[in-house]
Amino acid sequence: MSRPRLFVPCPLAADRAIRLSEAQAHYLANVLRRKLGDWVQLFNGEDGEWQARITALSRRGGEVVALARTRAQAMEEGPILLAPVLRRDTTEWMVEKATELGAAAILLTTTARSAVTRTNPTRLAAIATEAAEQCGRLTVPRIDPPQPLDRRLADWPEALPLVVCDETGASPPLASVLAGLPPAARPPAVLVGPEGGFEPGELDRLRDLPFSLPASLGSRILRAETAALTSLALVQALTRDWCGPQVPSLSVPT
Ligand code: SAM
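As structure tokens, then:
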């Protein structure tokens, strides 16, 4: 029987009892049919992954006791995604998939042609948490509510390259842009435009920024969410994430 993974927003240590929310208790008891004494896995973004046993389950919540750490905390320094704000369901899908692909943070960003400028931060945080639980990450990416591009770039760290996904065909392919980067501690961030694309003047200003790396994803015009996930996957595959050592599992109690 697979062990459910839960994110818990509290410190994890041996023999520590951790309270579960109503939703987590409902999920364990009624969706997964878990009982007292069953195992779960816990993570909190800081203390690695822990095996824990269920010690209480009720309609009002539950409790688990952490017993042994099975994975040490890893840095998980994935790319930061400056993501367009799209229709609600599309934004939610993009946040889920970007979490699975290892985005370190998803900074929702509006540009001149953004048709949607609002999101539901609580729901997006819940979607990112569920995706992190499902895919085995040890961290949940921060989802930043929408902000205009100018504000995002106002104090951008010059040492962090920003891949600008440029659909005009005027930029070199992303794979060759990434191949030209020196080895670095962290991967470049990625910026994708909204459904209507970037305005020409906006793109010119972006190209002039000292940290920007304009790049093409091929000759076809991709939907914004496809471009976001494709560029994340390429950055992950061609920089360190998919090539580096996996975080080793420690011994698992039975
Ligand atoms: N307005 C554009 C058009 O109709 O020609 C389409 C914009 S596209 C749906 C949304 C965003 O996805 C673009 O601003 C760009 O950031 C990214 N994108 C889509 N296709 C791309 C490609 N082939 N290369 C690079 N970026 C792309």
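So the sequence shown is numbered by the numbering used here: it starts at 77 and just counts up by one.
Backbone N, C-alpha and C fix where the C-beta goes; we use that ideal spot for every residue, glycine too.
State yes or no: is the C-beta of residue i within less than 7 Å of the C-beta of residue j?
{"i": "residue 222", "j": "residue 186", "result": "yes"}
{"i": "residue 179", "j": "residue 154", "result": "yes"}
{"i": "residue 130", "j": "residue 157", "result": "no"}
{"i": "residue 248", "j": "residue 160", "result": "no"}
{"i": "residue 175", "j": "residue 148", "result": "no"}
{"i": "residue 225", "j": "residue 293", "result": "no"}
{"i": "residue 93", "j": "residue 139", "result": "yes"}
{"i": "residue 313", "j": "residue 177", "result": "no"}
{"i": "residue 358", "j": "residue 123", "result": "Residue 358 lies beyond the stretch modelled for the chain, which goes from 77 to 330, so this question has no answer here."}
{"i": "residue 171", "j": "residue 214", "result": "no"}
Does residue i come out as helix, strand or coil in the three-state DSSP assignment?
{"i": "residue 308", "result": "helix"}
{"i": "residue 105", "result": "helix"}
{"i": "residue 297", "result": "coil"}
{"i": "residue 211", "result": "helix"}
{"i": "residue 197", "result": "helix"}
{"i": "residue 328", "result": "Low local confidence applies: a pLDDT of 45 at residue 328 is under 50, so the model's placement there is unreliable, and no value is given."}
{"i": "residue 90", "result": "coil"}
{"i": "residue 314", "result": "helix"}
{"i": "residue 321", "result": "In this predicted model, residue 321 has a pLDDT of only 49, less than 50, meaning its place in the structure is not dependable enough to derive any value."}
{"i": "residue 82", "result": "strand"}
{"i": "residue 185", "result": "strand"}
{"i": "residue 291", "result": "strand"}
{"i": "residue 95", "result": "strand"}
{"i": "residue 77", "result": "coil"}
{"i": "residue 280", "result": "helix"}
What residues in its chain sit with their C-beta under 6 Å from that of residue i, if we drop five residues either side in the sequence?
{"i": "residue 272", "result": "189"}
{"i": "residue 166", "result": "301"}
{"i": "residue 105", "result": "133"}
{"i": "residue 315", "result": "263"}
{"i": "residue 80", "result": "108, 116"}
Between the options, which lies nearest to residue i when the distance is taken from Cα to Cα?
{"i": "residue 115", "options": "82, 147, 219", "result": "82"}
{"i": "residue 202", "options": "217, 194, 241, 118", "result": "217"}
{"i": "residue 231", "options": "287, 243, 171", "result": "287"}
{"i": "residue 240", "options": "285, 197, 106", "result": "285"}
{"i": "residue 296", "options": "305, 268, 150, 245", "result": "245"}
{"i": "residue 162", "options": "299, 307, 306, 311", "result": "299"}
{"i": "residue 90", "options": "228, 118, 200", "result": "118"}
{"i": "residue 290", "options": "170, 265, 193, 242", "result": "242"}
{"i": "residue 256", "options": "282, 146, 220, 311", "result": "311"}
{"i": "residue 283", "options": "229, 146, 80", "result": "229"}
{"i": "residue 253", "options": "307, 234, 276, 191", "result": "307"}
Which same chain residues, not among the five before or five after residue i, have their C-beta less than 8 Å away from its C-beta?
{"i": "residue 85", "result": "120"}
{"i": "residue 205", "result": "83, 216"}
{"i": "residue 136", "result": "98, 101"}
{"i": "residue 193", "result": "161, 186, 222"}
Please check if any C-beta of chain C sits within less than 7 Å of the C-beta of residue i.
{"i": "residue 214", "result": "Here chain C cannot be found, since the structure has a single protein chain."}
Kindly examine the ligand GDP and report whether one of its heavy atoms sits closer than 6 Å to the Cβ of residue i.
{"i": "residue 303", "result": "The ligand GDP is absent from the structure shown, which contains only the ligand SAM."}
Excluding the 5 residues preceding and the 5 following residue i in the sequence, name in chain order all residues of the same chain whose CB lies nearer than 7 Å to its CB.
{"i": "residue 210", "result": "none"}
query = For the stretch 117-177, which segments carrying the alpha helix (DSSP H) assignment without a break, of at least 4 residues, lie completely within its bounds, in sequence order?
reply = Entirely contained in the stretch 117-177, the alpha helix (DSSP H) runs reaching 4 residues are, in chain order, 164-176.
Length-filtered (3 minimum) beta strand (DSSP E) runs lying within the stretch 227-278 = 238-241, 265-267
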